[in-house]
Amino acid sequence: MKLILTGATGAAGLAILRAASRDPSVSHITVLSRRPLPPHAAEFSKSKTEVILHQNFTEYPPTLTEKLKDHDAVIWALGASQNGMDVEAYTKLTHDFPVAAIAALTDAGTGSPEKPLRFLYVSGQGADRSGKGWALFSKVKGRTEKDLVDYAATHPSVIAQNIRPGYFFPSDPD
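Numbering follows full-length UniProt numbering, with no gaps: position 33 of the sequence shown is 33.
Next comes the structure, spelled out in structure tokens:
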């Protein structure tokens with residue numbers, strides 16, 4: 001399996017990268033990241049990992065989608081705490097980025113009805129798809145879950161799924 005991973009510099013993404021790099025069923029990992037991986041990630045990620053630095057996660061030029069279109073799955077772990085972020089910035093990061101990615105990948109021909117791209121969104125405990133949650137993260141993550149699943153429902157070349165972890169314990173770099 002060829003995997004696209006975002007958020008690999010954070011707690012969730014780094015743990016996923018570590019696990020995927022050890023999994024024999026994962027043949028290649030493409031990390032899309034705004035910044036390089038931390039030095040302690042190099043040891044376990046070097047053998048089958050390619051890091052592509054990408055700054056604007058709302059736009060995917062053809063040169064990038066061409067590199068990604070033969071992948072089998074995406075784990076979208078890119079995110080941040082709502083603390084200290086304004087509504088617009090948090091919404092762009094948490095909602096607009098993954099929604100743009102799923103559309104760009106399917107538009108580029110990633111996946112097919114016979115072998116759909118699997119898009120896994122790392123959401124969070126408390127996400128509320130109804131939009132009635134009390135916290136910003138609850139509303140935005142819930143809307144993102146809904147929009148990804150709704151998108152996949154009309155595009156047979158992709159399957160969208162969401163997970164809602166309660167907390168990620170940061171990895172010890174040693």
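Cβ coordinates follow ideal geometry from the N, Cα and C atoms, glycine included.
Would you report the Cα separation of residue 120 and residue 13, rounded to the nearest angstrom?
In a straight line, the C-alpha of residue 120 is about 12 Å away from that of residue 13.
If you reduce the DSSP assignment to three classes, tell me which class residue 54 lands in.
Coil, per DSSP.
In angstroms, rounded to a whole number, what distance separates the CA positions of residue 57 and residue 98?
Taking the straight line from one Cα to the other gives about 8 Å.
Applying the criterion that 16 or more other CB atoms from any shown protein chain within 10 Å of the CB defines a buried residue, is residue 176 buried or exposed?
No information on residue 176 is available, as it lies outside the stretch 1 to 174 that the chain covers here.
Looking at residue 140 and residue 90, is the spacing between their C-beta atoms short of 8 Å?
Cβ atoms of residue 90 and residue 140: closer than 8 Å.
If we ignore side chains and look at the alpha-carbon of each, how far apart do residue 78 and residue 10 end up?
Their backbone Cα atoms lie some 8 Å apart in a straight line.
According to the neighbour-count rule (16 or more other Cβ atoms, all chains shown, within 10 Å of its Cβ), is residue 175 buried or exposed?
Here the chain comprises residues numbered 1 to 174, so residue 175 is not present and cannot be evaluated.
Measure from the C-beta of residue 13 to each C-beta in chain B and report whether the shortest distance is under 8 Å.
In summary, chain B is missing from the structure at hand, where a single protein chain is found.
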